[in-house]
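Working notes, beginning with the structure itself.
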Amino acid sequence: MVGLFTAIVTWPLAPVRGVISLAEVIQQRVDQEMNNPAATRRQLEELEEARERGEVSAEEEEQAQDAIIEAAIAPDVDQKAPSKDE
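Residue -3 is where the sequence shown starts when you use this note's numbering, and the numbers rise one by one after that.
The structure is reproduced here in structure tokens:
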């Protein structure tokens, strides 16, 4: 009886829980893509090709490379940083 009551009361929240669940799946997917070494390499290769085509200058290429590498490294630094409690 309690289970039926709970189901009836929480039923209106089902769409909200579904959206939250979907958002969590999307966030996991984005995290996987951002931390994927192949994606970083692909970005660097695309940048090099743009430089060869003359679409970006050497200085712009270097700045973009730094940003790509920093973005690839930054999540690892945050996860491995010791907490203040330690």
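Beta carbons are placed, not taken as given, at the ideal position from N, Cα and C, and that holds for glycine.
A quick note: this is a predicted structure, and the numbers were derived from the prediction, not measured.
* Asked: What is the residue span of the alpha helix (DSSP H) that Gly14 lies within?
  -> 10 to 30
* Asked: With a CB to CB cut of under 8 angstroms and the five nearest residues on each side skipped, what residues in its chain are close to Val52?
  -> Leu43, Ala46, Ala60
* Where does the unbroken alpha helix (DSSP H) through Val(-2) begin, and where does it stop? -> -2 to 6
* Glu51 - DSSP class collapsed to helix/strand/coil -> coil
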